[in-house]
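Quick notes on the structure that follows.
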Amino acid sequence: MTSAVSILPDAQLAVLNDAYRAAVARKRLRMTLAAAAFCAALIVAAVGAEVNLRTLFKFFGNFLSYFDRIFTLEDGTRVWTNPVEWFWGWRKWLWMLGETILISYVGTLMGAVLAFALNFFAAQNTSPAPWLRFTVRRLLEFARTVPGIVFALIFVIAFGLGPMAGVLAIAIHSTGALGKLFSEIVENADMKPVEGVRSTGASWLSCMRFAVLPQVSAGYASYALLRFEINVREASVMGFVGAGGIGQELVVAIRKFYYSDVSAILVTIIITVFIIDIGTGWMRGRLFGKEARA
Amino acid sequence: MSQLPKPDREQLRAKYPDVFARPASARLATPAMLIVAFAIFVFGLVNLDFSPTKLFAGLHQLGWITVMMIPPDPGSSLPIYLSALGETLSIALLGTTLAAVLAFPVSLLAARNIIPSNFIRFPVRRFLDSIRGVDTLIWALVWINVVGLGPFAGVLAIAVSDFGAFGKLFSEAIEAADRKQVEGIRASGGNALHEIRFGLIPQVLPVIAGQVLYFIESNTRSATIIGIVGAGGIGLQLAEQIRVLEWQKVSFLILMILVAVAAIDWISTKLRFAIIGQRAVA
Chain A
8 MTSAVSILPD
18 AQLAVLNDAY
28 RAAVARKRLR
38 MTLAAAAFCA
48 ALIVAAVGAE
58 VNLRTLFKFF
68 GNFLSYFDRI
78 FTLEDGTRVW
88 TNPVEWFWGW
98 RKWLWMLGET
108 ILISYVGTLM
118 GAVLAFALNF
128 FAAQNTSPAP
138 WLRFTVRRLL
148 EFARTVPGIV
158 FALIFVIAFG
168 LGPMAGVLAI
178 AIHSTGALGK
188 LFSEIVENAD
198 MKPVEGVRST
208 GASWLSCMRF
218 AVLPQVSAGY
228 ASYALLRFEI
238 NVREASVMGF
248 VGAGGIGQEL
258 VVAIRKFYYS
268 DVSAILVTII
278 ITVFIIDIGT
288 GWMRGRLFGK
298 EARA
Chain B
23 MSQLPKPDRE
33 QLRAKYPDVF
43 ARPASARLAT
53 PAMLIVAFAI
63 FVFGLVNLDF
73 SPTKLFAGLH
83 QLGWITVMMI
93 PPDPGSSLPI
103 YLSALGETLS
113 IALLGTTLAA
123 VLAFPVSLLA
133 ARNIIPSNFI
143 RFPVRRFLDS
153 IRGVDTLIWA
163 LVWINVVGLG
173 PFAGVLAIAV
183 SDFGAFGKLF
193 SEAIEAADRK
203 QVEGIRASGG
213 NALHEIRFGL
223 IPQVLPVIAG
233 QVLYFIESNT
243 RSATIIGIVG
253 AGGIGLQLAE
263 QIRVLEWQKV
273 SFLILMILVA
283 VAAIDWISTK
293 LRFAIIGQRA
303 VA
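So the sequence lines, in the order shown, correspond to chains A and B.
So this note's numbering is basically just the index in the first sequence, starting at one, shifted up by 7.
So this note's numbering is basically just the index in the second sequence, starting at one, shifted up by 22.
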């Protein structure tokens with residue numbers, strides 16, 4: 008069986024080939040230029056950050072040996088051969104970890120409630136007035152862009168050292184992040200129920216309560232859970248600036264070179280984060296599962 | 023005018039028992055959940071030493087701080103702040119690039135369509151997860167112990183913590199890639215490396231480039247805060263000025279950060295559109 012591939016006459020083929028080569032050359036030139044610009048930016052940045060590759064390789068060995076040290080007990084044995092010695096402070100650490108989770112829980116809930124109160128004003132389809140929408144959006148943007156730990160630094164001075172500053176910092180940051188996500192859910196909501204409710208003469212509040220809220224509440228809960236997960240991580244470092252939680256213990260251990268403590272606290276943090284990831288993942292699955300069935 | 027037929031309630035009730043008489047467990051689930059959530063909230067407030075007096079005293083103090091922040095004023099340190107901002111941007115750029123370069127080969131190991139074996143994939147994924155479980159600030163502290171104070175520790179901290187995130191995102195991008203191109207390469211006699219180079223990379227590169235740009239953007243934010251623990255950049259200045267209560271400088275620094283983040287956002291959005299086209303916004 009033979010099959011003939013039709014080949015164009017040479018003249019026609021040459022034109023097409025030239026066009027193809029020109030197109031490829033243009034693309035390559037663009038790629039090269041982009042790569043060159045990127046490399047130039049990298050070099051400028053490397054000078055700015057006092058980096059060079061030789062030091063990187065030199066220090067990479069130190070990095071590995073640091074991990075070697077944090078997994079070694081004071082008597083020179085590996086940590087996992089003596090877990091009792093390794094987790095000698097587990098009572099205190101678990102207590103601090105509990106505080107960390109509470110900080111993120113209370114902070115997330117406050118942030119979610121505030122975001123809930125603000126998001127209907129920020130969404131394009133439900134906002135009562137354009138100026139209100141603009142103000143609320145800028146406010147949320149500000150709360151979102153300033154890092155949580157900067158708020159914590161300022162709040163520690165205003166409210167004093169302790170978990171309260173951490174909670175409020177997390178609450179403000181979560182308000183910004185959740186407010187944006189919530190308002191995006193509302194913008195995606197179906198507007199027909201709203202028209203239906205409004206046609207019965209209902210007020211703006213009733214429209215939100217009976218037409219929008221039933222559509223969006225599962226999405227809200229899902230995002231709030233996701234935020235909780237992120238906030239646990241965030242709360243674990245709030246202690247660095249004195250705003251409560253396990254971070255306080257960790258920063259002491261790292262700064263004072265209590266090597267095995269560092270690894271023990273890190274391991275407890277990582278395990279907690281895993282458990283919370285899995286737990287919230289399961290809950291979100293259930294929430295969305297219920298929604299899909301309804 | 024025609025009248026709607028009168029609904030036969032009994033029949034409807036028999037047909038949809040769940041709608042007319044929802045079981046108590048379904049009716050009580052939401053309020054019960056709300057009550058439990060609220061109870062934990064109250065327990066948390068008590069446990070974390072919240073008190074109205076403390077709150078109002080703090081808010082009063084915060085009000086004062088806000089008043090003292092106006093107008094933002096850098097004093098005579100503007101050149102220092104500008105160079106610190108440059109340092110922050112450098113940290114973000116270098117850290118993200120380093121992370122992406124290191125993460126790409128590892129992400130191949132974590133992708134199901136490259137490595138079908140669970141024995142390799144599972145540990146690699148857990149390894150990446152553990153790295154992501156540790157916050158950038160913690161990595162910064164660790165690196166400061168290793169390489170000393172300064173921006174270099176910041177670069178490495180961002181590189182390591184993003185390494186975990188990139189590994190996961192890249193491997194997902196690779197798993198989402200189309201098999202057909204890869205099979206085409208194999209059919210024409212390419213080996214495994216050719217399959218990756220010509221079948222896979224052209225598909226995933228735009229996605230990856232978009233993600234890297236997005237991370238450079240979000241790392242500008244992270245890079246501002248790792249200075250707080252001493253890893254260089256504008257965060258160092260910010261933490262210092264907060265500690266010595268120079269509020270006008272603090273507000274100026276915060277404004278600088280906001281403007282820089284907005285500018286990087288804008289640039290990277292433009293670049294992302296240029297790379298992946300208007301339709302698919304990652």
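Each residue gets a CB set at the ideal place from its N, CA and C atoms; glycine is no exception.
Taking a C-beta distance under 9 angstroms as the contact criterion, B:G80 and A:F162 qualify as a contact pair. Taking a beta-carbon distance threshold of 9 angstroms, A:I156 counts as an interface residue toward chain B.
B:R143 carries a helical assignment under DSSP once its states are collapsed to helix, strand and coil. Contact of A:N69 with chain B by beta-carbon distance below 8 angstroms involves V168 and V169. Runs of the beta strand (DSSP E) spanning 3 or more residues and lying entirely within the segment 199-260 of chain A do not occur at all.
A straight line joining the alpha-carbon of A:N89 with that of B:G252 spans about 34 angstroms.
With contacts defined by Cβ atoms closer than 9 angstroms, B:P173 and B:E109 form a contacting pair. In this structure, the CA atom of A:G203 is about 35 angstroms from the CA atom of A:A150. Rounded to whole angstroms, the gap between the alpha carbons of A:G169 and B:I279 is 26 angstroms.
Proximity of the segment 217-227 of chain A to the segment 115-133 of chain A meets the contact definition, three or more beta-carbon pairs being nearer than 8 angstroms.
Following the DSSP letters along the chain, one finds A:R85 in no alpha helix (DSSP H), marked with neither H nor E. Inclusion of B:L115 and A:A30 in the CB contact set at 9 angstroms is not warranted, their separation being larger than that value. Linking B:A214 to B:I223 through their CA atoms gives a straight-line distance of about 13 angstroms. Cβ contact annotation for B:G189 (same chain, cutoff 7 angstroms, sequence separation greater than five): A125, V128, S129, A132 and L150, in chain order.
Contact check between the segment 198-215 of chain A and the segment 68-82 of chain A: fewer than three CB pairs, one atom from each, fall below 8 angstroms, which does not count as touching. Residues of chain B whose Cβ lies closer than 8 angstroms to the Cβ of A:M215 do not exist; the shortest such Cβ separation is about 18 angstroms. For A:A271, same chain residues with a beta-carbon under 6 angstroms away, outside a window of 5 residues either side, are W93 and F94 in chain order.
For B:S129, the enclosing alpha helix (DSSP H) begins and ends at L100 to A132. Here DSSP, grouped into helix, strand and coil, assigns A:T287 to helix. Comparing alpha carbon positions, the residue from B:D157, B:W86 and B:F72 closest to A:M245 is B:D157.
For A:A176 and A:I156, the gap between their C-alpha atoms comes out near 7 angstroms. In this structure, B:V229 is the residue among B:F237, B:V229, B:H82 and B:L171 with its C-alpha nearest to the C-alpha of B:S193. In the structure shown, A:T79 falls within a strand segment according to DSSP collapsed to helix, strand and coil. With a threshold of 9 angstroms between beta carbons, A:A122 makes no contact with chain B. Here B:D184 is near B:G117, since their CB atoms are less than 9 angstroms apart. A Cβ-Cβ separation of about 15 angstroms leaves A:G286 out of contact with A:T107 under the 8 angstroms criterion.
When A:E236, A:I237 and A:P200 are compared, the shortest CA-CA separation from A:P221 is found for A:P200. Taking the Cα positions, A:G249 is about 13 angstroms away from A:E241. Per DSSP, reduced to three states, the secondary structure at B:G211 is coil, with no helix or strand assignment.
If you check the CB distance, B:G176 and B:A162 come in under 9 angstroms.
Annotated three-state conformation of B:Q83 is helix, per DSSP. When B:G155, B:V89 and B:Y38 are compared, the shortest CA-CA separation from B:L267 is found for B:V89. The alpha carbon of A:I283 has as its nearest neighbour, out of A:N238, A:V54, A:I179 and A:D25, the alpha carbon of A:N238. Check the Cα spacing between B:T246 and each of B:L275, B:A231, B:V234 and B:F141: the tightest is with B:L275. Here A:E148 really is in contact with A:G183; their C-beta atoms are around 7 angstroms apart, less than 8 angstroms. Measuring C-alpha to C-alpha distances from A:I276 to each of B:I160, B:A106, B:V123 and B:R143 identifies B:I160 as the nearest.
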